[in-house]
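To start, the structure under review is shown below, and the notes come after it.
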Amino acid sequence: MTDTADIVVIGGGIIGCSVVYHLATLLPRDTRIVLLDRGPIAGGTSGSCMGHLMVTPDTPQDYAFSATSVRLWQQLHEQVGGFEHNPTGALYLADAAEDLELMPILKRQFEANGDRCDVLDGKQLQDLEPGLAADLPGALYYPGDGVVLPMFACGALLRGARAASPNVVIRPGTGVTGFDIQGGRVAGVRTAAGVIQTRRCVNAAGVWSPELGTMAGLPRLPIYPRAGNLAITAHHTTPVRTQLLEISYLRFAHGAATVDPTKTDEDPGGHAVNLQPQSNGSCLIGSTRQFRGMDRTLNPELLHRSLLRAQRYAPGLAAAPIVRTWVGLRPYSLDKHPLIGPWPHLDGMWIAAGHEGLGISLAPITGLLLAQQMAGVATAVDHTPYLPGRIL
Ligand SMILES: Cc1cc2nc3c(=O)[nH]c(=O)nc-3n(C[C@H](O)[C@H](O)[C@H](O)COP(=O)(O)OP(=O)(O)OC[C@H]3O[C@@H](n4cnc5c(N)ncnc54)[C@H](O)[C@@H]3O)c2cc1C
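Everything in the sequence shown is counted per this note's numbering, starting at 3 for the first residue and increasing by one.
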């Protein structure tokens with residue numbers, strides 16, 4: 003069977019769904035956009051993660067990128083709806099003295115970007131969250147963060163895309179097996195069900211994006227799976243109401259990894275607490291980080307350590323039954339920035355991948371920047387730091 007499309011998007015995770023939504027809303031209605039996923043929608047990392055919408059103020063560029071995206075989530079919730087979105091804010095918890103040193107740094111970063119946050123002492127923290135350990139010295143509360151349920155958000159983005167354009171086609175269960183390249187440009191996308199003739203495609207395949215890049219003859223994309231073990235408690239057992247993370251998470255999870263992601267047997271792994279109370283009263287507990295290839299089996303020892311650490315902050319978790327544990331693979335990009343834009347040496351090949359632990363937060367801005375570049379219009383924020391050509 004041969005089909006045609008103006009644009010083929012490969013990967014039905016949060017990034018591919020957002021790309022499809024923004025293409026459908028920005029390009030003319032007769033643009034035929036086909037989304038392919040070899041499994042179900044949200045069957046990859048976007049179905050095995052947490053949903054913290056996190057504003058990262060490390061640099062003005064990071065702030066503009068992430069804060070715009072988190073605002074876009076709010077707009078999507080108002081305009082498209084159909085998914086859980088809670089603008090809860092986030093509490094950054096301190097434990098040791100060196101954690102307290104991070105508070106003024108983070109506060110200055112938010113304020114330097116014209117934003118605000120509040121530093122709470124131990125008493126104020128207890129008043130706000132009585133389920134936390136009584137001896138915690140304090141926290142920083144940032145009101146701008148939120149939480150979504152990523153799987154429903156994927157569905158909502160695709161419903162929004164279909165509402166915007168009758169020419170959006172969604173094909174789960176359709177794996178890409180290769181590309182047709184003619185005269186130095188993309189001419190088609192091959193699947194087991196046949197070829198789709200197209201002059202433009204988007205590789206939004208998360209941790210599998212290097213595999214697809216190689217199929218198209220690109221050098222290996224520098225994106226590596228970074229495993230995260232998660233656990234969730236039974237309904238109505240969460241001891242806390244606000245989304246929480248230990249402030250040392252910033253040291254652990256931001257910036258480049260201190261281990262070589264290609265040496266998958268050398269990373270002992272680490273963890274930093276992130277607690278997300280759910281609307282059904284369960285508590286999602288994360289998370290660990292470890293490079294060990296595409297291995298999605300649980301690391302019980304690392305998970306156990308991370309659960310004990312979570313209990314240090316919220317002692318009530320010790321009595322909350324864990325009903326499910328699982329592992330997701332973050333698409334870690336070597337320079338910690340996603341790849342968003344055209345591949346410079348193959349006309350028609352676009353990439354949107356490599357968001358590590360922030361892909362849910364950054365999905366709207368990623369889809370918007372990619373669609374704006376494809377449409378040839380000005381981008382909402384500076385898109386140049388994310389251009390894929392930088393890896394060459
Ligand atoms: C433990 C954990 C916690 C996290 N917590 C957060 C958080 O709180 N906040 C946040 O912002 N981010 C978080 N993340 C990060 C976030 O989940 C990811 O960055 C994001 O889900 C990546 O989305 P994606 O669309 O790029 O990839 P995926 O969701 O993996 O989608 C890629 C899709 O490509 C498809 N595919 C692969 N190969 C092919 C092929 N040959 N043909 C067709 N389709 C193909 C796959 O089936 C898959 O569905 C977390 C991640 C983990 C693991």
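Built from N, CA and C at the ideal position, the CB exists for glycine as well.
Owing to the predicted nature of the structure, the values given are computational and were not obtained by experimental measurement.
At least 8 Å separates the beta-carbon of residue 159 from that of residue 109.
Taking the Cα of residue 322 as reference, the smallest distance to any Cα among 173, 36, 253, 286 is reached at 286. Relative to ligand 1, the nearest heavy atom lies less than 7 Å away from the CB of residue 39. Within a 10 Å sphere around the beta-carbon of residue 308 sit 16 or more other beta-carbons, which makes this residue buried. Residue state for residue 306 is assigned as helix, using DSSP reduced to three classes. Assigned with DSSP and collapsed to three states, residue 131 falls in coil, not helix or strand. Assignment of residue 24 by DSSP, reduced to helix, strand and coil, places it in the helix class. Non-local beta-carbon contacts of residue 343 in its own chain, meaning distances under 6 Å to residues more than five positions away in sequence, involve 375, 389, 390 in chain order. By the Cβ criterion, the segment 318-337 is in contact with the segment 236-253, since at least three pairs of Cβ atoms, one from each stretch, lie closer than 8 Å. In this structure, residue 16 sits near residue 361, with a CB-CB distance shorter than 8 Å. Between residue 64 and residue 58, the alpha-carbon positions lie close to 6 Å from each other.
Proximity of the beta carbon of residue 51 to ligand 1 is indicated: a heavy atom of the ligand is located closer than 7 Å.
In this structure, residue 42 lies near residue 174, with their beta-carbon atoms less than 8 Å apart. In this structure, 200 is the residue among 194, 171, 230, 200 with its C-alpha nearest to the C-alpha of residue 183. Spatial neighbours of residue 177 in its own chain (CB-CB distance under 7 Å, excluding positions within 5 residues in sequence) are listed in chain order as 40, 193, 194.
Counting along the chain, residue 159 sits inside no beta strand (DSSP E); it lies in the alpha helix (DSSP H) bounded by residues 152-166.
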